[in-house]
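Quick note: the sequence shown uses the working numbering, first residue 25, plus one each step. In what follows, a structure is listed as structure tokens, so that the remarks can point back to it.
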Amino acid sequence: MLHLLDQTSEQFRDWLAQRDLPAYRAAQVRRWLFAERAESFEEMTDLGKSLRGLLAAEFTIWSAKVAAHRESPDGTEKLLLELADGHRIECVLLRDDKEHRTACISTQVGCAMGCVFCASGLDGVARNLSTGEILEQLLRLQRLLPKDERLTHIVVMGMGEPLANLPRLLPALETANRPDGLGISARRITISTVGLVPGIRRLAELDCQYHLAVSLHAPNDELRTRLVPTNRKIGIERILEAADEYFAKTGRRVTFEYVLLAGLNDQPEHAHQLAARLKGRPALVNLIPFNPVAELPYRTPKSTATVRFAEILQQNGLSVAIRYRKGDRIDAACGQLRRSTAYSGPTRAPET
């Protein structure tokens with residue numbers, strides 16, 4: 025059975041045409057999926073009963089099932105999704121006091137980048153997600169919201185390296201961006217990368233206007249290679265050159281993410297080195313105090329160390345933001361998502 029969300033608009037219209045069905049039916053189905061939040065073809069009541077039966081016989085809307093649903097007191101919700109082949113991924117809904125409703129989605133089952141402080145790569149990578157599996161996360165998270173609320177932002181910061189799966193990610197984001205999709209502006213969509221240079225340059229060429237976030241985590245190659253093993257084949261200077269190219273072609277300021285690990289990369293000398301690296305660039309540095317992972321030996325820096333690090337960057341003319349934790353009580357914060365999870369504590373009952 026075909027996953028409906030894997031079909032492009034053209035493919036679905038072709039499917040309709042081959043059955044002598046009018047092309048406008050495609051728009052009706054999209055409206056039911058993205059605007060009306062239909063759970064099944066049977067709910068699409070302005071389609072004839074025979075067409076609904078035909079669609080149900082050939083397509084599935086949901087290829088994954090919700091294995092667990094956790095909620096945090098801060099409004100964060102996390103879904104553990106079991107895919108058709110038994111693999112598992114996680115995605116997160118984040119709420120804030122600005123009325124933002126942000127979907128944090130995954131692009132791979134696991135991750136191959138090997139960042140030493142991140143739970144997503146503990147078991148390596150199994151495979152890329154399909155376009156439909158990426159879109160399905162958005163629809164699942166959308167359905168956690170009341171009918172009078174909608175997703176406002178997307179961050180591609182879940183499991184996996186997004187630029188390693190661009191051929192499937194970009195069609196999903198295009199659908200999310202379209203007025204007859206989720207209607208989320210490209211400027212409210214952020215793609216995070218460990219720094220895959222060809223992927224950054226590809227995004228620059230496409231000029232999609234997505235926000236680019238580069239996970240830097242260190243001010244020099246020696247330290248970065250310890251923390252991010254893929255840096256051995258890339259190097260910070262090549263990443264910064266690609267980021268400069270992205271800004272030059274899109275006009276979009278690049279964010280450099282920096283996970284602070286107590287005693288490792290959070291010292292004043294590291295801040296001064298980072299300031300020197302980024303000097304003159306129209307960049308934002310997003311400081312992320314480490315979110316604990318049980319299997320890992322790293323520690324969260326004291327708040328005084330985080331503030332001091334930020335002050336040094338600001339004194340050197342850089343824009344700085346500190347990302348405060350959301351969802352850490354349900355292991356939904358940055359760096360805590362993983363391929364499979366044995367949940368403890370309260371969860372909602374799994375869905376079929």
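C-beta atoms are modelled at their ideal positions from N, C-alpha and C, and glycine is treated no differently. In this text the structure is predicted, and so the values were computed from the model without any measurement.
Opening and closing residue of the beta strand (DSSP E) in which residue i lies
{"i": "A267", "result": "Where A267 is concerned, there is no enclosing beta strand (DSSP E), although the alpha helix (DSSP H) it sits in stretches over I260 to T274."}
{"i": "F333", "result": "Element bounds for F333: not the beta strand (DSSP E) but the alpha helix (DSSP H), S327 to Q339."}
{"i": "H93", "result": "K89 to E95"}
{"i": "A188", "result": "Run containing A188: none; DSSP gives neither H nor E here."}
{"i": "L105", "result": "E101 to E106"}
{"i": "L284", "result": "T279 to L284"}
{"i": "A345", "result": "S343 to I346"}
{"i": "S209", "result": "Here S209 belongs to no beta strand (DSSP E), and DSSP marks it neither H nor E."}
Three-way DSSP call (helix, strand, coil) for residue i in this model
{"i": "V317", "result": "coil"}
{"i": "Q132", "result": "strand"}
{"i": "E173", "result": "coil"}
{"i": "T84", "result": "strand"}
{"i": "H294", "result": "helix"}
{"i": "L45", "result": "coil"}
{"i": "I113", "result": "strand"}
{"i": "L21", "result": "Nothing in the structure corresponds to residue 21, since the chain is present only between 25 and 376."}
{"i": "T155", "result": "helix"}
{"i": "A200", "result": "helix"}
{"i": "L236", "result": "strand"}
{"i": "L308", "result": "strand"}
{"i": "T254", "result": "helix"}
{"i": "E60", "result": "coil"}
{"i": "A242", "result": "coil"}
{"i": "G351", "result": "Low per-residue confidence applies at G351: pLDDT is 49, beneath 50, and the placement is therefore not dependable, though the value from the model is reported in the following sentence. Reduced to three states, the DSSP call for G351 is coil."}
Buried or exposed by the 16-neighbour rule on C-beta atoms within 10 Å, applied to residue i
{"i": "L230", "result": "exposed"}
{"i": "Q397", "result": "The shown model of the chain, from 25 to 376, leaves out residue 397, and the question about it has no answer."}
{"i": "P325", "result": "buried"}
{"i": "S239", "result": "buried"}
{"i": "V331", "result": "exposed"}
{"i": "Y282", "result": "buried"}
{"i": "E293", "result": "exposed"}
{"i": "R192", "result": "buried"}
{"i": "K89", "result": "exposed"}
{"i": "A272", "result": "exposed"}
Proximity of residue i and residue j at Cβ, strictly below 8 Å
{"i": "G4", "j": "L190", "result": "One cannot answer for residue 4 here, as it falls past the ends of the chain, which runs 25 to 376."}
{"i": "L308", "j": "V140", "result": "no"}
{"i": "L163", "j": "L117", "result": "no"}
{"i": "V179", "j": "T155", "result": "no"}
{"i": "H177", "j": "H124", "result": "yes"}
{"i": "W56", "j": "A47", "result": "no"}
{"i": "L45", "j": "L75", "result": "yes"}
{"i": "R347", "j": "N289", "result": "no"}
{"i": "G138", "j": "T254", "result": "yes"}
{"i": "L175", "j": "L165", "result": "yes"}
{"i": "A266", "j": "R225", "result": "yes"}
{"i": "Q233", "j": "T279", "result": "no"}
{"i": "T217", "j": "E261", "result": "no"}
{"i": "R54", "j": "D204", "result": "yes"}
{"i": "R112", "j": "A91", "result": "yes"}
{"i": "L382", "j": "C115", "result": "Outside the displayed span of the chain (25 to 376) sits residue 382, for which this structure offers no information."}
Residue i, enclosing alpha helix (DSSP H) - first and last residue
{"i": "Y19", "result": "Nothing can be reported for residue 19: it is not among the residues displayed for the chain, which extend from 25 to 376."}
{"i": "S144", "result": "First-last for S144: undefined, no H or E at that position."}
{"i": "R248", "result": "D245 to L251"}
{"i": "I224", "result": "V221 to L230"}
Residue i at chain B interface by Cβ criterion, 8 Å
{"i": "A47", "result": "The chain inventory of the structure shown lacks chain B, comprising one protein chain alone."}
*May I ask you to verify whether the region 333-340 touches the region 295-303, counting CB pairs closer than 8 Å and requiring at least 3?*
In short, these stretches touch, since the Cβ pair count reaches three.
*On the three-pair Cβ rule with 8 Å, is the region 184-199 touching the region 127-136?*
The region 184-199, when compared against the region 127-136, does touch it at the 8 Å Cβ threshold.
*Evaluate the contact criterion for the region 63-71 versus the region 79-86: three or more CB pairs, one atom per stretch, below 8 Å.*
By the Cβ test, the region 63-71 is in contact with the region 79-86, since at least three Cβ pairs between them sit closer than 8 Å.
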